[in-house]
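These protein sequences, in sequence, are chains G and E. Each residue of the first sequence is one higher than the last, beginning at 1 in the UniProt record's numbering. Each residue of the second sequence is one higher than the last, beginning at 1 in the UniProt record's numbering. We put the CB at the ideal spot given by N, CA and C, even for glycine. As the structure is a computational prediction, the values presented were derived from the model and not from experiment.
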Amino acid sequence: MRILTGNDLRSGAVVWWNGSGWSLFVDDAVDVGDDAEEILAREEAARRVNVPYAIEASIDEAGHVRPAHIKDRVRALGPTVRRDLAVPTADKTGWDWVI
Amino acid sequence: MYRYDQYDQAMVEARVEEFRDQARRRLEGKLSEDQFKPLRLMNGLYLQLHAYMLRVAIPYGTLNSRQMEALAMIAEKYDRGYGHFTTRQNIQYNWIRLEDAADALADLASVEMHAIQTSGNCIRNISSDHFAGAAADEVIDPRPYAELLRQWSSFHPEFTYLPRKFKIAVIASEKDRAAMRLHDIGIRIVRNDAGEVGAQFYAGGGMGRTPMIAPLIRDFVPIDQMITYAEAALRVYNRYGRRDNKYKARIKILVHELGAEEYIRQVEEEFAHLLSVGVEPPREELARIAAHFTDPPFADGPKTIDRSDPDFALWVDRNTHRHKHDAYVSAVISLKPVGGIPGDATADQMRIVARLAKLYSFDELRVMHTQNLLLPHVAIKDLKAVWTALDAAGLGAPNMDTIEDIIACPGLDYCSLANARSIPLAQRISERFAETGRTDVVGELKLKISGCINACGHHHAGHIGILGVDKKGVENYQLSLGGSEAEDVSLAKITGPGFDEDGVIAAVEKVTDVYLAARADGERFLDTYRRIGMEPFKEALYG
């Protein structure tokens with residue numbers, strides 16, 4: 001699947017396209033298929049997100065979205081060395097798949 | 001230390017308000033990211049993996065307790081309660097919100113600090129010997145010259161858009177504690193046979209993807225021509241540096257491609273021209289600056305240390321440095337607790353350090369390029385009290401220059417450029433050596449880790465260096481040996497194929513095994529490596 005990510009304009013926080021807006025949670029990311037470029041252009045032009053881009057991802061058996069590249073997996077949860085600062089997630093196995 | 005005059009303060013405050021307006025226009029959607037990015041970078045505001053990151057300049061690593069308290073306040077008010085001290089004697093905040101950035105800059109300005117020129121293709125923060133003004137072995141305090149260079153390079157219209165970023169280090173002793181020859185320009189303040197003060201210039205050093213050691217380009221520039229010579233060296237670079245390829249745009253590439261001899265010829269030609277124009281600041285300006293750096297009122301006192309507490313004695317042996325006044329020492333505050341994140345300090349720790357500086361170090365602090373802090377002037381009679389307070393705050397690790405004193409860049413945990421994580425390696429290596437008691441056995445060993453080829457973790461200059469790379473989406477680590485950023489400067493050589501995370505930690509243990517088996521009396525790891533060469537290490541790693 002193809003999903004969209006970027007950083008929130010105000011806070012700089014990592015955000016994910018959920019089909020109608022930008023969510024802090026990677027599990028909210030939706031498959032944009034062939035619409036990536038159109039959505040990216042529209043959202044960036046509207047100044048709703050900083051430097052958004054499309055990435056490859058998959059969904060695991062439990063329904064959790066898994067970005068393909070390590071950099072985006074780290075972005076999804078936060079610094080691996082400061083898990084106290086991590087993005088809150090219901091995915092109890094989250095840290096197992098980051099690295 | 002230097003204090004802003006009315007012009008300095010007015011310039012910094014004006015810049016804050018200018019940025020406030022730029023940020024407002026960005027937040028209102030009137031500026032695109034492409035338009036805003038160069039503006040925010042000029043004010044030290046990056047966009048990293050998880051958030052905006054603000055890099056604050058600490059000129060030549062010197063600050064006072066009021067400034068450190070302000071850094072602590074900013075960590076709590078605008079960030080998440082901590083900051084990260086860097087290899088260029090700066091501090092970075094990892095979680096700054098764009099809508100708060102101008103307020104943070106205004107708070108910095110209120111204590112004579114800023115984030116100007118901490119990014120972009122300009123002359124960055126001038127770094128220096130962290131023991132400046134305290135070391136027994138220095139010719140003269142280098143900081144007045146560093147400050148003069150800072151003032152000259154701040155908002156210099158000709159050097160605001162250089163081909164690439166430009167880093168200058170200034171030292172004033174034979175010992176190099178600032179990686180001077182791995183800077184774009186390195187300056188050593190010296191005295192000639194007549195006792196006159198002058199500047200020895202090196203140019204074209206650097207780490208990054210093409211590491212180079214700066215050659216000597218001028219043995220002695222009279223001190224009242226130092227700025228003129230620096231301007232000539234920059235002007236030749238600005239004129240001929242490669243702007244067509246960012247990977248070949250640093251001055252080291254120009255000096256290498258022209259050859260040092262031709263670069264020197266051109267600089268000398270430009271220098272002669274500039275001398276005729278007269279660009280040097282008046283000597284009174286240097287005298288005005290130097291007046292800010294007079295010695296504090298050192299007092300005679302006990303010169304011996306009670307070593308009856310073995311933990312204190314170990315810390316004294318490892319973390320104190322000889323001072324020019326024999327009743328004082330410089331005390332290193334380690335930001336490398338075993339298993340900790342190199343260079344990170346909480347707001348509470350910053351406040352404790354600020355209080356200790358005020359009580360015991362004439363209100364002075366330093367940031368070391370090794371990502372530690374320093375109390376430069378501690379009376380020997382006060383040393384036990386300082387150590388007790390540091391130890392209680394988790395700042396008393398006795399590990400300066402040992403394998404636990406690891407330099408590590410933020411790596412893939414924070415940095416958008418990184419390919420692999422650096423911090424977890426540093427944590428695991430320090431834990432492994434501390435658990436097995438080998439830290440003390442191994443002695444001086446400088447291990448440096450970078451998470452990408454940009455080498456912010458100085459891996460090229462590590463006795464042991466580790467470079468993280470991306471191998472088909474998986475972290476992989478190249479090991480290198482034999483680097484040094486000190487006066488015996490050298491570049492580390494890669495051992496061979498890389499390792500995964502567990503593998504590189506085991507590899508570090510193996511190379512220290514080789515060292516321990518082969519070392520002669522008094523040899524450091526680096527000495528043994530230089531004597532026996534790479535082969536025994538390769539044999540142990542890959543044989």
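Practice problem: Flag E/E535 as yes if its beta-carbon sits less than 8 Å from any beta-carbon of chain G, otherwise no. | Solution: no
Quiz item: Hey, out of E/L286, E/I429, E/E487, whose CA is closest to E/V510's CA?
Solution: Val is not the amino acid found at residue 510 of chain E; the sequence shown has Lys there. Among E/L286, E/I429, E/E487, the Cα nearest to that of E/K510 is on E/I429.
Practice problem: Determine the closest residue to E/Q35 out of G/A29, G/R47, G/L24, with distance taken between C-alpha atoms. | Solution: G/R47
Practice problem: Run down chain E in chain order and give the residues with a C-beta less than 7 Å from the C-beta of G/V14. | Solution: H50
Exercise. Return yes when the Cβ of E/A331 is within less than 8 Å of the Cβ of E/V378, no when it is not.
Key: yes
Quiz item: When DSSP labels each residue in this structure, what does G/E56 get in the three-state scheme?
Solution: strand
Practice problem: Report the three-state DSSP secondary structure of E/V170 (helix, strand or coil). | Solution: strand
Quiz prompt | G/R10 at chain E interface by Cβ criterion, 8 Å | solution = yes
Exercise. Return yes when the Cβ of E/L108 is within less than 8 Å of the Cβ of E/A70, no when it is not.
Key: yes
Quiz prompt | Coarse secondary structure for E/M114, derived from DSSP in three states | solution = According to the sequence shown, residue 114 of chain E is His rather than Met. Of the three classes helix, strand and coil, the one that applies to E/H114 here is coil, per DSSP.
Quiz item: Shorter than 8 Å from the beta carbon of E/I406 to some beta carbon of chain G?
Solution: no
Quiz item: Can the beta-carbon of residue 586 of chain E be found closer than 8 Å to that of E/E231?
Solution: Past the boundaries of the shown model lies residue 586 of chain E; chain E is included only from 1 to 543, so the question cannot be answered.
Quiz item: By the criterion of Cβ-Cβ separation under 7 Å, what are the contact partners of E/G120 in chain G?
Solution: None at all; the shortest Cβ gap to chain G is about 18 Å.
Quiz item: In its own chain, which residues sit with a C-beta less than 8 Å from the C-beta of E/P342, not counting the 5 before and 5 after it?
Solution: L335, K336, Q371, I406, I407, A408, I423, A426
Quiz item: Span of the alpha helix (DSSP H) holding E/E257?
Solution: 251–258
Self-check item: Residues of its chain near E/K248, where Cβ-Cβ distance is below 6 Å and the 5 sequence neighbours each way are ignored
Solution: R242
Self-check item: For E/V56, the nearest candidate out of E/D224, E/L359, E/Q117, E/R26 (CA to CA)
Solution: E/Q117
Quiz item: Under 8 Å between C-beta atoms, does G/T80 make it to chain E?
Solution: yes
Quiz prompt | Contact set between E/L27 and chain G, taken where Cβ atoms lie within less than 9 Å | solution = L9, R10, R47
Quiz prompt | Cutoff 8 Å: G/L85 Cβ touching any chain E Cβ | solution = yes
Self-check item: Assigned exposure category for E/R531 - 16 Cβ within 10 Å defines buried
Solution: exposed
Practice problem: Give me whichever residues DSSP pairs with E/S330 in a beta bridge. | Solution: E/H321
Exercise. Name, going along the chain, the residues of the segment 65–79 of chain G whose beta-carbon falls closer than 7 Å to a beta-carbon of chain C.
Key: The structure shown contains no chain C; the protein chains it does contain are G and E.
Quiz item: Could you give the distance in angstroms between the alpha-carbon of E/K381 and the alpha-carbon of E/I213?
Solution: 42 Å
Exercise. Look up G/T5 in the DSSP assignment and give the residues it is bridged to.
Key: G/W16, G/Y53
Quiz prompt | Residue span of the alpha helix (DSSP H) that contains E/N238, given as start and end | solution = 226–240
Self-check item: Contacts that G/V51 makes with chain E (C-beta to C-beta distance below 8 Å)
Solution: E33, L47
Quiz item: Are the C-beta of E/Q274 and some C-beta of chain G separated by less than 8 Å?
Solution: The amino acid occupying residue 274 of chain E in the given sequence is Leu; Gln does not appear at that position. Chain G, which has no Cβ nearer than 8 Å to the Cβ of E/L274, makes this no.
Quiz item: So what does DSSP say about E/I217, is it helix, strand or coil?
Solution: strand
Quiz item: Below 8 Å, can you find three or more Cβ-Cβ pairs linking the segment 312–330 of chain E to the segment 40–54 of chain E?
Solution: no
Exercise. Taking 8 Å as the cut-off, decide whether the C-beta atoms of E/E539 and E/E501 are in contact.
Key: no
Self-check item: Same chain, Cβ closer than 8 Å to E/E431, neighbours up to 5 away in sequence not counted
Solution: V338, G339
Self-check item: Residue nearest to E/G462 in terms of C-alpha spacing, selected from E/R150, E/R235, E/L445, E/P296
Solution: E/L445
Quiz prompt | First through last residue of the beta strand (DSSP E) which encompasses E/D470 | solution = 464–471
Practice problem: Could you confirm whether any beta carbon from chain G is found closer than 8 Å to the beta carbon of E/D500? | Solution: no
Quiz prompt | Alpha carbon of G/R75 to alpha carbon of G/V14, nearest angstrom | solution = 7 Å
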